[in-house]
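Read through the structure below, which is laid out as structure tokens, and then see the notes.
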Amino acid sequence: MTRHRILIVEDSPTMRQLLVFALKRLKDVDIVEAQDGMDGLRKVTSDHFDLALVDINMPVMDGLKLISLIRGEESLKAMPIIVITTEGAREDRERALALGADEYLTKPIQANKVLQVAKGLLKLG
Amino acid sequence: MSEKREGLFSRAEEVLGLFRKGAEFTQELLRENERLRRELARLEGQQLAASDEQAWEKLRGELVARIESLEGERTDMLERLRAVEDENQQFTTRYIEIEEENNNLASLYVASFQLHSTLHLQEVLQIIIEIVINLIGAEVFAIYVLDEKTNVLSPVASEGALLGVFPICRLGQGMIGGAVASGETACLEGEERQPDQPIVAIPLRVQERPIGAIAIQRLLQQKDGFTPLDHELFTLLAGHAATAIFAARLFSQSERKLNTIQGFIDLLTK
Numbered sequence: 147m148t149r150h151r152i153l154i155v156e157d158s159p160t161m162r163q164l165l166v167f168a169l170k171r172l173k174d175v176d177i178v179e180a181q182d183g184m185d186g187l188r189k190v191t192s193d194h195f196d197l198a199l200v201d202i203n204m205p206v207m208d209g210l211k212l213i214s215l216i217r218g219e220e221s222l223k224a225m226p227i228i229v230i231t232t233e234g235a236r237e238d239r240e241r242a243l244a245l246g247a248d249e250y251l252t253k254p255i256q257a258n259k260v261l262q263v264a265k266g267l268l269k270l271g
Numbered sequence: 010m011s012e013k014r015e016g017l018f019s020r021a022e023e024v025l026g027l028f029r030k031g032a033e034f035t036q037e038l039l040r041e042n043e044r045l046r047r048e049l050a051r052l053e054g055q056q057l058a059a060s061d062e063q064a065w066e067k068l069r070g071e072l073v074a075r076i077e078s079l080e081g082e083r084t085d086m087l088e089r090l091r092a093v094e095d096e097n098q099q100f101t102t103r104y105i106e107i108e109e110e111n112n113n114l115a116s117l118y119v120a121s122f123q124l125h126s127t128l129h130l131q132e133v134l135q136i137i138i139e140i141v142i143n144l145i146g147a148e149v150f151a152i153y154v155l156d157e158k159t160n161v162l163s164p165v166a167s168e169g170a171l172l173g174v175f176p177i178c179r180l181g182q183g184m185i186g187g188a189v190a191s192g193e194t195a196c197l198e199g200e201e202r203q204p205d206q207p208i209v210a211i212p213l214r215v216q217e218r219p220i221g222a223i224a225i226q227r228l229l230q231q232k233d234g235f236t237p238l239d240h241e242l243f244t245l246l247a248g249h250a251a252t253a254i255f256a257a258r259l260f261s262q263s264e265r266k267l268n269t270i271q272g273f274i275d276l277l278t279k
């Protein structure tokens, strides 16, 4: 049975815990947490992940920089990325999608929506 | 002489063959006759039945009763199918409601867990800020703490604007002071308000003791209004955030006192 590995890159522990709670409902998933963009980059380049959830406003390295670095890496080009952010403006959404994000969700998050989008990107029935 | 006899024998054989064929033909005729007799008897029987009006009527009655019974069964099955479909719809609706309830409980659990995960005031304030941004969806807000000696509420942490932007208020006065004094959340969602008035003022209280307030000035642009979960979170924050702030302040005071006492003891014993 294939297990799916999900990386959450988010500086807020509250938000990370909430996302873990939501994603744990998916079957056969391993969830790894990173507390900023740099930590996320380290983890994503040293391990295999099937999906990454990335916040935009983070210390050390922001989410947009992280996405552009991930998409610059040949082996990570196909990994789906969901942006979860407080930035609800259309231009922020367009910028993130242009950099290579697959989905853009705004806070406050709805666990059902996150699950639905994650399922779709992981191609789970 | 012998040729004549042989001729006679062969003639006799021929005649015998003819007799055998005749016997076989007769047997076949008899079998056919028997078959036709049976067929005739069957047709006569049917004709007899058809001619019997009472038997027909009985048969017709039985068939009509059977059709009615099948119709009844069909109607019954259709009703049951409809009932099952209705039940299924109810289950789906209930499932969605339970899912939502589950998500809300998870949010409340996470908020509560995080609030009580530390005894350091700055960390508690940071966690309250995270909850208000990530779970409620506020963009501009401040956390007020009450000075019990002066009864003044002062902003101690803010998001989206500098601390100085948020006015200091007195207990019992204005929207924030009134909310803290009464212990009731004041909400002006959808109502006209002054520019400096918050949309919502959530009092923070430990039992009947006022601790402070959270005043939300503006929501994130994608947030349309408050949901039932937000009101649950207001209630949770009113109690748990207040307890967390109160505990953190007590812990900080006890730490200071402990250090002072330790300093005295060190002074006396050295």
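Line order of the protein sequences matches chains A and B.
All residue numbers for the first sequence refer to our numbering, where the first residue is 147 and numbers rise by one.
All residue numbers for the second sequence refer to our numbering, where the first residue is 10 and numbers rise by one.
Just so it is clear, CB atoms sit at the ideal spot from N, CA and C, and this is done for glycine as well.
Neighbour-count burial assignment, residue i, 16 or more Cβ in a 10 Å radius
i	result
A:K253	buried
B:V189	buried
B:F28	exposed
B:E66	exposed
B:K232	buried
B:P204	exposed
B:I137	buried
B:N42	exposed
B:F100	exposed
B:M86	exposed
A:S158	buried
A:R162	buried
A:D193	exposed
B:E12	exposed
B:R214	buried
B:F243	buried
B:S116	buried
B:D239	buried
One or two residues paired with residue i in a DSSP bridge
i	result
B:G221	B:V154, B:L213
A:L251	A:I230
B:P164	B:Y153
A:A224	Paired residue(s): none; A:A224 is not in a bridge.
B:L27	Paired residue(s): none; B:L27 is not in a bridge.
A:D176	A:R151
B:A147	B:L228
Residue i - DSSP class collapsed to helix/strand/coil
i	result
B:T102	helix
A:V166	helix
B:D205	coil
A:T231	strand
B:I142	helix
B:A318	Given a span of 10 to 279 for chain B in the structure shown, any question on residue 318 of chain B remains unanswerable.
B:Q3	Look at the range of chain B in this structure, 10 to 279, and you will see that residue 3 of chain B is not part of it.
A:V200	strand
B:A190	helix
B:A195	strand
B:R51	helix
B:R69	helix
B:R179	strand
B:H249	helix
B:S261	helix
B:L87	helix
A:G266	helix
A:Q181	coil
A:K259	helix
B:G16	helix
A:P278	There is no way to answer for residue 278 of chain A, as the model of chain A reaches only from 147 to 271.
Presumed contact (8 Å Cβ cut-off) between residue i and residue j, rounded CB distance
i	j	result
B:A166	B:I152	5 Å
B:G221	B:I177	Not a contact, Cβ separation roughly 12 Å.
A:G183	A:V206	6 Å
A:T160	B:I211	Actually they are not in contact, since the Cβ atoms of A:T160 and B:I211 sit about 17 Å apart, beyond 8 Å.
A:L267	A:L172	Actually they do not touch by this definition, with Cβ atoms about 11 Å apart.
B:P219	B:M184	Incorrect: roughly 15 Å between the Cβ atoms, too far for contact.
A:A242	A:L169	Not a contact, Cβ separation roughly 20 Å.
B:L7	B:L162	An answer regarding residue 7 of chain B cannot be provided, because it is not within the stretch 10 to 279 covered by chain B.
heavy atom of the ligand NAP below 8 Å from residue i C-beta
i	result
B:R214	Ligands are entirely absent from the displayed structure, and the ligand NAP is therefore not among its contents.
Problem set entry | Inter-stretch contact (C-beta, 8 Å, three-pair minimum) for the segment 239-254 of chain B and the segment 101-121 of chain B | yes
Exercise. If you pair each beta-carbon of the segment 259-267 of chain B with each one of the segment 213-227 of chain B, do three or more pairs fall below 8 Å?
Worked result: no
Exercise. Per the contact definition of three or more C-beta pairs closer than 8 Å, is the segment 248-266 of chain A in contact with the segment 209-223 of chain A?
Worked result: no
Exercise. Counting pairs of Cβ atoms below 8 Å between the segment 194-205 of chain A and the segment 222-237 of chain A, do you hit three or more?
Worked result: yes
Exercise. Taking one C-beta from the segment 175-189 of chain A and one from the segment 147-158 of chain A each time, how about it: are there three or more such pairs within less than 8 Å?
Worked result: yes
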